[in-house]
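Per the numbering used here, the sequence shown starts with residue 1199, numbered consecutively. C-beta atoms are modelled at their ideal positions from N, C-alpha and C, and glycine is treated no differently. Since this is a predicted model, take the numbers as computed values, not measurements. The next block holds one structure in the form of structure tokens; read it before the comments.
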Amino acid sequence: MLNKKILFLFPRTPLNYNTSNDKRQYLIYSTLNKKFETKILTFGEKDEVTGEQITVRLKNSNFKKIFYFISRLKSSRLTHYQSEKFKYQLQKILASYEPDIIYIEHLLLMQYILKLETNAKIVFYNDESNWFVDENNLRGNLYQSLRNIGLTSLERIASLKACLILTISNEEAEFLRAKGIKNVETISYGIDTDYFKFDWRKPEDKTILFIGDYSHYPNRQAAKILVTKVLPALNNLGVRLKLVGRNTNRIKNLVRDNVEIYNNVPDVRPFYYNSSVFAAPIFSGAGMRVKILEAALCGIPLIISPAANLGINFFDRDQVFICKSTDEFVKVMGVFFRSMDRYTIDSMIQNARKKIASEFDEKKVKEKIGYVFERAELS
């Protein structure tokens, strides 16, 4: 198998991963690295070549984003990853390396492939289907619609270009198949079940936990709901909120006396173990929320929305509480902190953990990666 060559295109390096989202990229890379000769072209903080990886510095230009949006109605997200140097390096690698397969992580990097003439088979990992988001009214607001303008059309074209499309949730895979897109498979997040072990104990203080990357709009929206809607309704109970994650400068306006914000913590597990409940009032976006998988493994009770349950498919009241509106979150939170019996909580968290350990163990995900590529006759 090693005589075949694969070229990975990544928005950021899968090596030296430091977040759970990056680890999903690493699982795919590390699995296929054993089956193929590999090379990586990725964006990063500086131009460099290290072993099999070529890194192109990602330059952020708000002027360019505004110019292309006004002049061409081009998504600012697409412009963010537009780079002549990346394009040049790709053409150079294709000429010298001649890969059999090009693996593209993320729709935004498919812009480099669509007009490319190559005999290589294209594998497209669509970690959040914009098509699915638009048709299910999960965009969130007008600004997000404008920011992502044209991405659904790009996804349709990209799906026809690829010989294999990978999604992160079964819901998105089934949606694409219903639209006539063939060769769609699901590769979900894989979680280290030994690292995220069960160690939750109900704390004496009352605390709500939410973890996310706050550059992502659905996470900012969730944090705002918790601060402005949920906490005030629980004011007489002395509940505190912990907001943990990356890019917390995007939510600094949410600081309150009863709100604690933690940025880029080296280990999230103590937060799972020492908070009362993990709440995810997420009402926009698609894909899968890896922090919910981690939280369930650590044993903290979960109160989530249907959008946060995508790709996971917990059962309401058996494994987690599922709330369809902000008002429902407030109601369930009130019951949880005032009168929820310990037997119900213990039963639910055990059921949730068993499901995640059974279905999302990274060892099983790596096995599926190999199986999917073999079945698609790519290895």
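Option nearest residue i by Cα separation, candidates the options
i, options, result
"Val-1528", "Thr-1426, Val-1570 and Asp-1544", "Thr-1426"
"Phe-1206", "Leu-1364, Tyr-1227 and Lys-1221", "Tyr-1227"
"Met-1486", "Glu-1296, Ala-1371 and Tyr-1341", "Ala-1371"
"Arg-1399", "Asn-1368, Leu-1491 and Gln-1548", "Gln-1548"
"Ile-1567", "Thr-1229, Leu-1314, Tyr-1224 and Ile-1311", "Thr-1229"
"Tyr-1412", "Ile-1543, Asn-1451, Asp-1332 and Asn-1334", "Asn-1451"
"Glu-1383", "Leu-1225, Asn-1456, Asp-1325 and Trp-1329", "Asp-1325"
"Ile-1490", "Leu-1429, Thr-1248 and Ile-1498", "Ile-1498"
"Tyr-1323", "Phe-1208, Thr-1316 and Leu-1432", "Phe-1208"
"Phe-1267", "Leu-1495, Leu-1349 and Phe-1396", "Leu-1349"
"Phe-1284", "Glu-1565, Ile-1311, Arg-1418 and Asn-1231", "Ile-1311"
"Glu-1303", "Val-1321, Tyr-1470, Leu-1213 and Arg-1444", "Val-1321"
"Ala-1360", "Lys-1313, Asp-1539 and Asn-1447", "Lys-1313"
"Lys-1422", "Tyr-1301, Val-1453, Lys-1244 and Gln-1342", "Val-1453"
"Ser-1473", "Leu-1439, Lys-1244 and Lys-1564", "Leu-1439"
"Gln-1419", "Tyr-1341, Val-1466, Ala-1493 and Val-1488", "Tyr-1341"
"Gly-1410", "Pro-1430, Val-1442, Gly-1532 and Val-1475", "Val-1442"
Where residue i sits in the DSSP three-state scheme
i, result
"Thr-1426", "helix"
"Asn-1324", "strand"
"Ile-1406", "strand"
"Arg-1345", "helix"
"Ile-1389", "strand"
"Met-1199", "The predicted model places Met-1199 with a pLDDT of 48, which falls under 50 and marks its position as unreliable; any figure quoted below should be read in that light. Three-state result, Met-1199: coil."
"Asp-1465", "coil"
"Phe-1261", "helix"
"Gln-1548", "helix"
"Ala-1478", "strand"
"Glu-1458", "strand"
"Gly-1532", "helix"
"Ile-1366", "coil"
"Phe-1588", "Only positions 1199 to 1577 of the chain appear in this structure, which leaves residue 1588 out of reach."
"Thr-1211", "coil"
"Lys-1380", "coil"
"Val-1437", "coil"
"Ile-1498", "coil"
"Asp-1514", "strand"
"Asp-1539", "coil"
"Leu-1230", "helix"
"Leu-1271", "coil"
"Leu-1432", "coil"
"Leu-1576", "coil"
Residue span of the alpha helix (DSSP H) that contains residue i, given as start and end
i, result
"Arg-1578", "It is not possible to answer for residue 1578, since the shown part of the chain is limited to 1199 through 1577."
"Ala-1360", "From DSSP, Ala-1360 is part of no alpha helix (DSSP H); its letter is neither H nor E."
"Glu-1572", "1560-1573"
"Ser-1292", "A small correction: the amino acid at residue 1292 is Leu; Ser does not occupy that position in the sequence shown. Leu-1292 -> alpha helix (DSSP H) spans 1282-1295."
"Leu-1306", "Careful: Leu-1306 lies outside any alpha helix (DSSP H) and carries neither H nor E."
"Thr-1248", "Segment 1246-1248 is the beta strand (DSSP E) holding Thr-1248; no alpha helix (DSSP H) there."
Nonlocal neighbours in the same chain, by C-beta distance under 6 Å from residue i, ignoring five residues either side
i, result
"Phe-1512", "Val-1518"
"Arg-1222", "Tyr-1387"
"Ser-1367", "Met-1486, Leu-1508 and Gly-1509"
Supposed contact pair residue j and residue i - C-beta distance, whole angstroms, cut 8 Å
i, j, result
"Phe-1535", "Lys-1404", "5 Å"
"Asn-1381", "Ser-1273", "Their Cβ separation, rounded to whole angstroms, is 26 Å, which puts Asn-1381 and Ser-1273 out of contact at 8 Å."
"Glu-1560", "Asp-1298", "That pair is no contact at about 26 Å."
"Val-1437", "Ile-1406", "6 Å"
"Ala-1477", "Leu-1432", "Actually they are not in contact, since the Cβ atoms of Ala-1477 and Leu-1432 sit about 11 Å apart, beyond 8 Å."
Residue i, enclosing beta strand (DSSP E) - first and last residue
i, result
"Ala-1318", "Ala-1318 -> no beta strand (DSSP E), and no H or E assigned at all."
"Ile-1302", "1299-1303"
"Val-1254", "1251-1255"
"Leu-1400", "For the record, residue 1400 in the displayed sequence is Lys; it is not Leu. No beta strand (DSSP E) contains Lys-1400, which DSSP labels as neither H nor E."
"Phe-1241", "1235-1242"
"Arg-1337", "No beta strand (DSSP E) holds Arg-1337; DSSP gives it neither H nor E."
Residues near residue i in its chain [Cβ-Cβ closer than 7 Å; skip 5 each side]
i, result
"Leu-1336", "Ser-1482, Gly-1483, Ala-1484 and Ala-1505"
"Arg-1210", "Asp-1220, Thr-1240, Phe-1241 and Gly-1242"
"Leu-1288", "Leu-1239 and Tyr-1310"
Contacts around residue i, its chain only, beta-carbon distance under 8 Å, and the 5 residues preceding and following it disregarded
i, result
"Glu-1235", "Leu-1200, Asn-1201, Lys-1202, Lys-1203 and Ile-1204"
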